[in-house]
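For the sequence shown, the residue numbers in the numbering used here are 10 to 417.
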Amino acid sequence: MKYDEALKKVSEYGQEHVLEFYEELSESEKAALLGQIEQTDFSVLEKANEGEKELKRGVITPIPAMKLSEIEEKKEVFTAKGIELIRAGKVGAVLLAGGMGTRLGSDDPKGMYNIGLTKEVYIFERLIRNLMDVVEQTGTFIHLFVMTSEKNHEKTVSFLKEKKYFGYDEAYVTFFMQDMAPASDYNGKVYMENKGLMSASPNGNGGWFSSMKRGGVLDIVHKAGIEYLNIFAVDNVLQRIADPCFVGATALNECAVGAKVIKKAAPDEKVGVMCLEDGRPSIVEYYELTTELMEAKDASGEPAYNYGVILNYLFRVADLEEIVSKEMPLHIVEKKIPYMNEAGETVKPEKVNGYKYESLVLDMIHMLDSCLVFEVVREKEFAPIKNPTGIDSVESARELLKRNGIAL
Ligand code: UTP
């Protein structure tokens, strides 16, 4: 993109200040800034005046879940179907590792975090070992797609290469990068990190499928004949990935998506819960759950909104392709955003100072027609690492791993 075109583009969105120091930049810095402007979607910044307000919701009603007892009864049939699909190469896995992991406080990608005590045990290693269990069970390697972002791509790729993919077959590992979104002050003016770089952050985990498509990775999915993609978060070190029973259950129930859920530990636990919204599958975030919804009971007297999502979903590719070009809701989140002060220095603020703009994978569920809500045993499949200590932390995950017989 040329300077004049860049100026025209930023002017349309009232962001001319990003070019204020252009003349002071070196030739390569100039080119980099013009490139960043070319790739940036500034239209999201127009939402800043709406602030962090909650998105408007439809009518929320309960959704039935397939509970542990029912799964146990049909386990053999489900598992056999899942194994058949995996052996036929119809199932792929997508690791969502584009996040910044700011709460954990490490500068490295979250998956590089060593949770071992007497030996090295990396988060990536645990996830790959979990997937290897299925490889061993089925005798088939499963395509693993790893989503990174501009901020952590190089480190993630070189770490996994150096560790020889923890024993996974390299031919089945594909990396792709998610898009970035500009970060702004409360008035929607994009921050500059330095004179030649706008502040930007990964655009949320909701863009994973469109990023796969844009990056040409969908061609690999098609060529390999993959019909289901199991997406999973980087930070849950206990989750089962491409779990044959879950795959079989979703396929046999002919659902567009399957969602692994856990029974909530307390009515006010901070997890999003599955529901129907205007009759379609959806998720209510914990902060949207009114007292009325929290106290509502279903026909059997159980809490009606009792099943929390753990960011482990099995999507049917054909259905994803139908929704990929539809617009997703944009979430405006208050965050600490590095910016350039008047002296031209980059400042990492102590307090929140503006907005990031993200789309979330949970919004994709509502765009699909049917969802299998599939209960898993919390103590066996849910050990998220968000913080160094306390709830959902390195400490709590270590405890759960030990209880599941994993040496650290
Ligand atoms: P979180 O919501 O926990 O965000 O991500 P985060 O960025 O990792 O951590 P904090 O909030 O800064 O501490 C849930 C999952 O979604 C992925 C993360 O890597 C994690 O697996 N994610 C999140 C992306 O892949 N891209 C994003 O833009 C955001």
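A virtual CB, placed ideally from N, CA and C, is assigned to each residue, including glycine. Small disclaimer: the values here were computed from a predicted structure and weren't measured.
Is residue i close to ligand 1? I mean its beta-carbon at under 6 Å from any heavy atom of the ligand.
i, result
"Met-376", "no"
"Val-226", "no"
"Ala-305", "no"
"Asn-239", "no"
"Arg-112", "yes"
"Gly-108", "yes"
"Leu-169", "no"
"Pro-338", "no"
"Ala-406", "no"
"Ile-196", "Rather than Ile, the amino acid found at residue 196 in this sequence is Asn. It does not: the Cβ of Asn-196 is nowhere closer than 6 Å to a heavy atom of ligand 1."
"Tyr-214", "Note that residue 214 is Asn in the sequence shown, not Tyr. Yes, the beta carbon of Asn-214 sits closer than 6 Å to at least one heavy atom of ligand 1."
"Leu-136", "no"
"Ala-268", "no"
"Pro-211", "yes"
"Val-243", "yes"
"Leu-298", "no"
"Leu-105", "yes"
Grab me the residues of residue i's own chain with a C-beta within less than 8 Å of its C-beta, minus the 5 sequence neighbours each way, in chain order.
i, result
"Glu-55", "Tyr-22 and Gly-197"
"Leu-140", "Ala-102, Ile-151, Leu-153, Tyr-177, Ile-250 and Ala-251"
"Gly-148", "Arg-96"
"Lys-395", "Arg-112, Leu-113, Asp-244, Asp-401 and Ser-402"
"Lys-357", "Lys-345 and Pro-347"
"His-340", "Leu-64, Gly-213, Tyr-366, Glu-367, Ser-368 and Leu-369"
Would you call residue i buried or exposed, if buried means 16 or more other Cβ atoms sit within 10 Å of its Cβ?
i, result
"Ala-416", "exposed"
"Arg-412", "exposed"
"Tyr-316", "buried"
"Thr-259", "buried"
"Glu-426", "The first residue shown for the chain is 10 and the last is 417, placing residue 426 beyond what the model contains."
"Glu-163", "exposed"
"Pro-4", "There is simply no residue 4 to check, as the chain begins at 10 and stops at 417 in what is shown."
"Val-361", "exposed"
"Pro-191", "buried"
"Thr-398", "exposed"
"Gly-120", "buried"
"Glu-351", "exposed"
"Pro-211", "buried"
"Ala-40", "exposed"
"Tyr-296", "exposed"
"Leu-227", "buried"
"Gly-67", "exposed"
"Val-199", "buried"
"Ser-291", "buried"
"Gln-48", "exposed"
"Lys-273", "buried"
"Gly-205", "buried"
Beta-carbon within less than 6 Å of residue i's beta-carbon, same chain only, minus the 5 sequence neighbours each way: which residues are those?
i, result
"Leu-126", "Leu-417"
"Ala-265", "Arg-325, Asp-328, Leu-377, Asp-378 and Ser-379"
"Asn-161", "Pro-118"
"Leu-43", "Met-10 and Ala-15"
"Leu-34", "Gly-205"
Check whether the Cβ atoms of residue i and residue j sit closer than 7 Å, and answer yes or no.
i, j, result
"Leu-323", "Gly-257", "no"
"Ala-216", "Asp-188", "First, the residue type needs correcting, since residue 216 is Gly and not Ala in the sequence shown. Result yes, Cβ atoms of Gly-216 and Asp-188 sit closer than 7 Å."
"Glu-294", "Gly-281", "yes"
"Gly-224", "Phe-185", "yes"
"Leu-320", "Ala-242", "yes"
"Tyr-195", "Val-182", "no"
"Phe-255", "Phe-383", "yes"
"Ala-313", "Pro-71", "yes"
"His-375", "Arg-289", "yes"
"Ala-233", "Gly-98", "yes"
"Ala-333", "Met-207", "Per the sequence presented here, residue 333 reads as Val, with Ala not at that position. Against a cut-off of 7 Å, the Cβ pair of Met-207 and Val-333 comes out as no contact."
"Ser-158", "Gly-363", "no"
"Ile-46", "Cys-284", "no"
Quick one: what's got a C-beta closer than 7 Å to residue i's C-beta in the same chain, skipping five residues either side?
i, result
"Asp-13", "none"
"Asp-117", "Lys-164"
"Asn-203", "Met-349 and Thr-355"
"Lys-90", "Gly-257, Ala-260 and Leu-261"
"Glu-404", "Thr-398"
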